[in-house]
Amino acid sequence: MPENGRTDTGPTAEPMIRLEQLTKRYPGQDRPAVDRLDLDVPPGEIVVLLGPSGCGKTTTMKLINRLIEPTSGTILLDGEDVTRADPDALRRRIGYAIQQTGLFPHRSVADNVATVPRMLGWDRKRVAGRVDELLTLVGLDPDTYRGRLPRQLSGGQQQRVGVARALGADPEVMLMDEPFGAIDPLTRETLQNEFLRIQSELGKTIVFVTHDIDEAVKMGDRIAIFNAGSGIEQYDTPERILTEPATPFVSEFVGSGAAIKRLTLSRVGDVPVPDWPSIGQDTHRDERAAAVRAGAREFLPLLDADRRPLGWVPADASGDVLDRGLPIVTRIGPGDSLFAALDAMLAANSSAVVVVDDAGAYRGVLDLETILSTVHTDAGPAVPRPGTVATPGTV
Amino acid sequence: MAVVSEQGAAPAAGGTPGPGTKGPRARWATHLVRPAIVVVALVVLYLYVSSRQLDSIERRSLNAAYILSRTWQHVQLTAIVSVIILLVAVPLGVLLTRDGVSRFSGPVLTLANISQAIPSIGLIVLFAVAFLSLPVYAIAVLAFVIHGVLPIVRNTIAGIGQVDRSVIEAARGMGMTKLGVLVSVELPLAVPVILAGVRTTLTITTGTVALATFIGAGGLGDIISNGLASNRNIVLVTGSVLVAALALLIDWLAAIAEDNLAPRGV
Ligand SMILES: Nc1ncnc2c1ncn2[C@@H]1O[C@H](COP(=O)(O)OP(=O)(O)OP(=O)(O)O)[C@@H](O)[C@H]1O
Ligand SMILES: [Mg+2]
Numbered sequence: 000m001p002e003n004g005r006t007d008t009g010p011t012a013e014p015m016i017r018l019e020q021l022t023k024r025y026p027g028q029d030r031p032a033v034d035r036l037d038l039d040v041p042p043g044e045i046v047v048l049l050g051p052s053g054c055g056k057t058t059t060m061k062l063i064n065r066l067i068e069p070t071s072g073t074i075l076l077d078g079e080d081v082t083r084a085d086p087d088a089l090r091r092r093i094g095y096a097i098q099q100t101g102l103f104p105h106r107s108v109a110d111n112v113a114t115v116p117r118m119l120g121w122d123r124k125r126v127a128g129r130v131d132e133l134l135t136l137v138g139l140d141p142d143t144y145r146g147r148l149p150r151q152l153s154g155g156q157q158q159r160v161g162v163a164r165a166l167g168a169d170p171e172v173m174l175m176d177e178p179f180g181a182i183d184p185l186t187r188e189t190l191q192n193e194f195l196r197i198q199s200e201l202g203k204t205i206v207f208v209t210h211d212i213d214e215a216v217k218m219g220d221r222i223a224i225f226n227a228g229s230g231i232e233q234y235d236t237p238e239r240i241l242t243e244p245a246t247p248f249v250s251e252f253v254g255s256g257a258a259i260k261r262l263t264l265s266r267v268g269d270v271p272v273p274d275w276p277s278i279g280q281d282t283h284r285d286e287r288a289a290a291v292r293a294g295a296r297e298f299l300p301l302l303d304a305d306r307r308p309l310g311w312v313p314a315d316a317s318g319d320v321l322d323r324g325l326p327i328v329t330r331i332g333p334g335d336s337l338f339a340a341l342d343a344m345l346a347a348n349s350s351a352v353v354v355v356d357d358a359g360a361y362r363g364v365l366d367l368e369t370i371l372s373t374v375h376t377d378a379g380p381a382v383p384r385p386g387t388v389a390t391p392g393t394v
Numbered sequence: 012m013a014v015v016s017e018q019g020a021a022p023a024a025g026g027t028p029g030p031g032t033k034g035p036r037a038r039w040a041t042h043l044v045r046p047a048i049v050v051v052a053l054v055v056l057y058l059y060v061s062s063r064q065l066d067s068i069e070r071r072s073l074n075a076a077y078i079l080s081r082t083w084q085h086v087q088l089t090a091i092v093s094v095i096i097l098l099v100a101v102p103l104g105v106l107l108t109r110d111g112v113s114r115f116s117g118p119v120l121t122l123a124n125i126s127q128a129i130p131s132i133g134l135i136v137l138f139a140v141a142f143l144s145l146p147v148y149a150i151a152v153l154a155f156v157i158h159g160v161l162p163i164v165r166n167t168i169a170g171i172g173q174v175d176r177s178v179i180e181a182a183r184g185m186g187m188t189k190l191g192v193l194v195s196v197e198l199p200l201a202v203p204v205i206l207a208g209v210r211t212t213l214t215i216t217t218g219t220v221a222l223a224t225f226i227g228a229g230g231l232g233d234i235i236s237n238g239l240a241s242n243r244n245i246v247l248v249t250g251s252v253l254v255a256a257l258a259l260l261i262d263w264l265a266a267i268a269e270d271n272l273a274p275r276g277v
């Protein structure tokens with residue numbers, strides 16, 4: 000299993016992209032840059048190509064859209080052999096985004112985004128509508144940014160335009176070569192999150208190149224880890240790559256902190272949040288401290304009429320604290336990762352963090368023990384140990 | 012790849028600050044310097060000539076009709092030569108950047124360098140002797156074209172060469188044809204550098220066209236050679252000042268064109 004990219008665990012659907020024995024030998028090089036590569040990319044998934052510099056990730060991408068002609072091997076797109084198809088027509092079906100963005104510096108943002116639709120002969124109105132739709136999708140206000148030139152944008156905005164342009168004619172398949180490279184970590188994370196949101200709506204088939212394991216784990220439905228000799232060491236889900244590295248190369252590449260990285264994969268919503276008693280606002284203020292003392296917890300959250308947490312009530316509360324509680328620094332939602340929850344705890348110097356649902360209503364409290372037990376259980380999200388879950392119910 | 016400009020006036024890629032580095036106001040100020048110099052020079056020349064009592068030989072060259080006709084010839088010859096150069100040099104430069112052909116760009120540039128190093132006067136006489144059967148006008152045009160072709164070829168190659176590889180690659184990756192990339196990406200982005208070459212060529216050509224007189228092809232060179240032949244300094248000076256003024260004016264127009272034809276965003 001480790002040395003080829005056939006999915007034996009994957010869905011039964013036909014792969015959207017299938018590479019068979021694909022090989023590229025650059026003239027004058029003694030070693031092929033891509034060597035008899037087999038890879039299946041299932042429809043609607045993000046497959047990340049991950050590996051050290053020079054292992055042939057970019058070459059593999061360019062082989063798929065035939066920017067580079069393969070020395071041998073076959074490329075199948077949606078079951079169709081495109082190894083010898085007209086490359087220009089093929090590329091118009093495949094979105095392409097690269098790290099340097101490659102935006103046309105002499106054309107406006109709108110003209111850049113309109114590139115492929117215009118080549119496909121869409122009429123003016125349809126193109127204009129599509130441009131606005133795409134700019135909105137990538138979080139750029141069309142009225143503000145449509146007429147700007149690329150150099151009038153920040154690096155992050157340029158990368159957004161690059162992604163919008165790649166989505167131009169709504170291609171089923173996208174190739175993205177380090178599309179969020181070379182920008183600051185904060186912007187990068189925003190772009191990653193937004194792209195994941197877009198992808199959850201669009202469900203494109205995406206080949207995504209990175210050399211950053213954290214980005215791979217975050218973005219990938221599947222990760223193909225290449226070794227320096229451009230062979231695939233492991234092709235698997237991020238979870239399995241982190242928990243069961245197939246080869247010593249993979250464990251070394253994943254590096255230390257695999258357990259922490261797994262925390263970034265588990266959503267708070269996927270772990271049973273230990274129910275933690277709460278105090279309703281209708282409870283009389285003089286009874287609130289007593290209610291805390293009666294239970295097993297040192298603090299209980301005070302909820303408003305809509306069950307939104309207002310603050311923490313400690314056992315020794317008095318005065319104002321009885322009315323509003325101590326301020327809650329961070330609220331964690333079901334979509335946040337356990338990593339984010341742990342981070343919030345460390346930041347607030349606390350061993351528990353309030354979990355709310357999408358509407359902001361109280362769901363429970365996640366504590367350190369629950370997170371730790373997740374890390375220590377090998378198979379998936381953990382069940383909290385007995386004793387850490389307090390009796391449910393409102394006091 | 013270095014873009015060398017023969018005349019200090021012609022900016023090259025990355026050399027003297029191009030459009031965009033100065034405010035429009037400063038740019039207009041520099042645009043006004045050249046015509047001002049030309050006007051002052053011509054007025055001084057006119058006052059000087061009209062203050063003198065001209066003899067009959069001098070009068071044959073220094074009259075409005077003669078000067079206008081020679082100036083017009085000069086402009087015509089310069090224009091024809093420049094258009095031909097443009098039609099030859101830009102496609103040649105483009106060709107020399109295409110895959111598979113680009114390896115010939117070195118030898119071709121060397122050849123062009125040599126052709127420019129030969130003094131035009133030598134070239135023009137050589138051609139006149141070698142192609143006796145051709146009309147003199149054609150010989151003059153041919154010699155000047157060969158002499159002025161280099162800056163545009165070189166700047167076309169340099170201009171296309173400086174286009175960001177990733178921009179071309181992204182364009183190809185989106186399914187733009189090679190021709191499409193050339194027309195809508197490479198050439199527009201190369202325009203500023205090509206125009207710098209055009210400007211250099213125009214200035215060179217305006218000067219060398221003065222040599223057309225030696226094979227009887229007319230132009231302002233006639234006034235200069237009249238002055239030399241009849242040993243009349245005032246005629247010689249007038250001819251020379253007129254050539255210089257014309258060169259400055261054409262360079263001025265080219266500078267304005269350069270500013271206005273560059274694509275925005277570059
Ligand atoms: N045009 C080319 N001509 C010759 N060799 C090339 C060419 N492009 C890439 N190579 C070589 O092929 C190998 C793979 O290069 P490739 O660009 O695919 O690596 P990569 O995995 O994308 O690396 P990085 O993470 O640094 O982007 C490298 O050894 C590289 O030197
Ligand atoms: Mg690469």
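First to last, the sequence lines map onto chains A and B. Position 178, counted from 1, in the first sequence is what this note's numbering calls 177; the numbers after and before it change by one each time, with no gaps. Position 22, counted from 1, in the second sequence is what this note's numbering calls 33; the numbers after and before it change by one each time, with no gaps. Just so it is clear, CB atoms sit at the ideal spot from N, CA and C, and this is done for glycine as well.
By Cβ distance, which residues of its chain are closer than 6 Å to A/R330, with the 5 residues on each side in sequence left out? For the purposes of this step, residue 330 of chain A is taken as residue 331 along the first sequence, with counting starting at 1. V353, V355, listed in sequence order.
Can you tell me whether B/D66 is buried or exposed, with buried defined as 16 or more other CB within 10 angstroms of its CB? Taking the first residue of the second sequence as position 1, residue 66 of chain B is located at position 55. It is exposed - the Cβ of B/D66 has fewer than 16 other Cβ atoms within 10 Å.
Just to check my reading of the structure: B/V92 and B/F138 have Cβ atoms closer than 8 Å, yes? What is that Cβ distance to the nearest angstrom? Within the second sequence, numbered from 1, the residue matching residue 92 of chain B stands at position 81. Within the second sequence, numbered from 1, the residue matching residue 138 of chain B stands at position 127. Not quite, the Cβ-Cβ distance comes to about 13 Å (not below 8 Å), so this is no contact.
Close beta carbons around B/V204, own chain, < 6 Å, minus the five adjacent residues each side: Sequence index remark: in the second sequence, residue 204 of chain B carries index 193 (1-based). Same-chain partners within the cutoff: A24, N166, A169, G170.
Taking the C-alpha atoms as reference points, what is the distance between A/M15 and A/R117? On the first sequence, residue 15 of chain A is found 16 positions in, with the first residue counted as 1. On the first sequence, residue 117 of chain A is found 118 positions in, with the first residue counted as 1. The alpha-carbon atoms of A/M15 and A/R117 are separated by roughly 25 Å.
With DSSP run on the structure shown, which of helix, strand or coil describes A/M15? Along the first sequence, read from residue 1 onward, the residue named residue 15 of chain A stands at position 16. Coil at A/M15, not helix or strand.
Might you give, ordered along the chain, the residues of its own chain that have their beta carbon closer than 7 Å to the beta carbon of A/T8, omitting 5 neighbours on each side? Translated into positions along the first sequence, residue 8 of chain A becomes position 9. For A/T8, the predicted model reports a pLDDT of 48, less than 50, meaning its position is unreliable; a value from the coordinates is still stated below. Excluding sequence neighbours, A/T8 sits near nothing in its chain.
Chain-ordered residues of the stretch 76-97 of chain A with a beta carbon less than 9 Å from chain B: P86, D87, A88, L89, R90, R91, R92, I93, G94, Y95, A96, I97
Is any heavy atom of ligand 2 found at a distance shorter than 8 Å from the C-beta of A/V206? Translated into positions along the first sequence, residue 206 of chain A becomes position 207. No, the beta carbon of A/V206 sits no closer than 8 Å to any heavy atom of ligand 2.
State buried or exposed for B/V8, treating a residue as buried only when at least 16 other CB atoms are found within 10 Å of its CB. With chain B covering only 12 through 277, there is no way to say anything about residue 8 of chain B.
Residues that B/T214 contacts on chain A, provided the C-beta gap is smaller than 8 Å: Walking along the second sequence from the start, residue 214 of chain B turns up at place 203. Those do not exist, as B/T214 stays about 27 Å from chain A at its closest Cβ, beyond 8 Å.
At 3 residues or longer, and completely inside the stretch 321-353 of chain A: list those beta strand (DSSP E) runs for me, N to C. none
With a threshold of 9 Å between beta carbons, is B/P199 in contact with chain A? Within the second sequence, residue 199 of chain B is the residue found at index 188, counting from 1. Chain A contact via Cβ: present.
Could you check if A/Y25 belongs to the surroundings of ligand 1, using beta carbon to heavy atom distance under 8 Å? To locate residue 25 of chain A, count along the first sequence from 1; it is residue 26. Checking the Cβ of A/Y25 against ligand 1 gives yes.
Would you check if the distance between the CB atom of A/A288 and the CB atom of A/L321 is smaller than 9 Å? Taking the first sequence and counting its residues from 1, the one referred to as residue 288 of chain A is at position 289. Taking the first sequence and counting its residues from 1, the one referred to as residue 321 of chain A is at position 322. A contact, by the Cβ cut-off of 9 Å.
Could you pull the start and end residues of the alpha helix (DSSP H) that A/L174 belongs to? Counted from its first residue, the first sequence places residue 174 of chain A at position 175. Premise fails: A/L174 lies in the beta strand (DSSP E), 172-176, not in any alpha helix (DSSP H).
Beta-carbon contacts of A/K203 that lie in its chain and below 6 Å, excluding the five residues immediately before and after: Counted from its first residue, the first sequence places residue 203 of chain A at position 204. Only M173 meet the Cβ criterion.
At a cut of 8 Å, does the stretch 304-324 of chain A reach the stretch 358-365 of chain A through at least three beta carbon pairs? yes
Among A/I74, A/W121, A/G146, whose alpha-carbon lies nearest the alpha-carbon of A/R106? Numbered from its first residue, the first sequence carries residue 106 of chain A at position 107. The residue with the shortest Cα to Cα distance from A/R106 is A/G146.
Where does the unbroken beta strand (DSSP E) through A/E232 begin, and where does it stop? Taking the first sequence and counting its residues from 1, the one referred to as residue 232 of chain A is at position 233. Where A/E232 is concerned, the enclosing beta strand (DSSP E) stretches over 231-235.
Short-range partners of chain B found in the stretch 8-38 of chain A, where Cβ spacing is below 8 Å: none
Go through the stretch 78-135 of chain A residue by residue and report every complete run of the alpha helix (DSSP H) that reaches 4 residues or more, in order. 86-91, 108-112, 114-118
B/T279: beta carbon under 8 Å from a heavy atom of ligand 1? Chain B is shown only over 12 to 277; residue 279 of chain B falls outside these bounds and no answer can be derived.
What separation, rounded to the nearest whole angstrom, lies between the Cα atoms of B/A182 and A/S265? What you label residue 182 of chain B is simply residue 171 of the second sequence in a count that begins at 1. What you label residue 265 of chain A is simply residue 266 of the first sequence in a count that begins at 1. Distance between the alpha carbons of B/A182 and A/S265 is about 39 Å.
Spatially closest choice to A/G294 from A/I197, A/P276, A/D281, by CA coordinates: As a working note, residue 294 of chain A is residue 295 in the first sequence. If we check each option's Cα against that of A/G294, A/P276 comes out closest.
Check the Cβ-Cβ distances between B/G191 and every residue of chain A, and say whether any is below 9 Å. Sequence index remark: in the second sequence, residue 191 of chain B carries index 180 (1-based). Yes - at least one Cβ of chain A is within 9 Å of the one on B/G191.
Which class does B/L107 belong to by DSSP, given the choice of helix, strand or coil? In the second sequence, counting from the first residue as 1, residue 107 of chain B sits at position 96. Of the three classes helix, strand and coil, the one that applies to B/L107 here is coil, per DSSP.
Could you check whether the Cβ of A/T58 sits closer than 8 Å to any heavy atom belonging to ligand 1? In the first sequence, counting from the first residue as 1, residue 58 of chain A sits at position 59. Yes, since a heavy atom of ligand 1 falls inside the 8 Å radius drawn around the Cβ of A/T58.
Is the shortest distance between the beta-carbon of B/V220 and the beta-carbons of chain A less than 9 Å? For the purposes of this step, residue 220 of chain B is taken as the residue at position 209 of the second sequence. Chain A contact via Cβ: absent.
Is A/Q158 near ligand 1, judged by its Cβ being under 8 Å from some heavy atom? The residue given as residue 158 of chain A occupies position 159 in the first sequence. No.
What residues in its chain sit with their C-beta under 7 Å from that of A/E132, if we drop five residues either side in the sequence? The sequence position of residue 132 of chain A within the first sequence is 133, counting from 1. Within the same chain, A/E132 has no close Cβ partners at all.
Taking the alpha helix (DSSP H) that B/W263 belongs to, which residues open and close that run? Counting from one through the second sequence, the residue named residue 263 of chain B turns up at place 252. 244-272 is the span of the alpha helix (DSSP H), which, as asked, contains B/W263.
Flag A/G416 as yes if its beta-carbon sits less than 9 Å from any beta-carbon of chain B, otherwise no. This structure cannot speak to residue 416 of chain A, because chain A is shown only from 0 to 394.
Does the beta-carbon of B/I125 have 16 or more other beta-carbons within 10 angstroms, so that it is buried, or is it exposed? Taking the first residue of the second sequence as position 1, residue 125 of chain B is located at position 114. Its Cβ having fewer than 16 others within 10 Å, B/I125 is exposed.
Can you confirm whether B/R275, when its beta carbon is compared against all beta carbons of chain A, has any partner nearer than 9 Å? Residue mapping note: residue 275 of chain B aligns to position 264 of the second sequence, counting from 1. Yes, contact with chain A.
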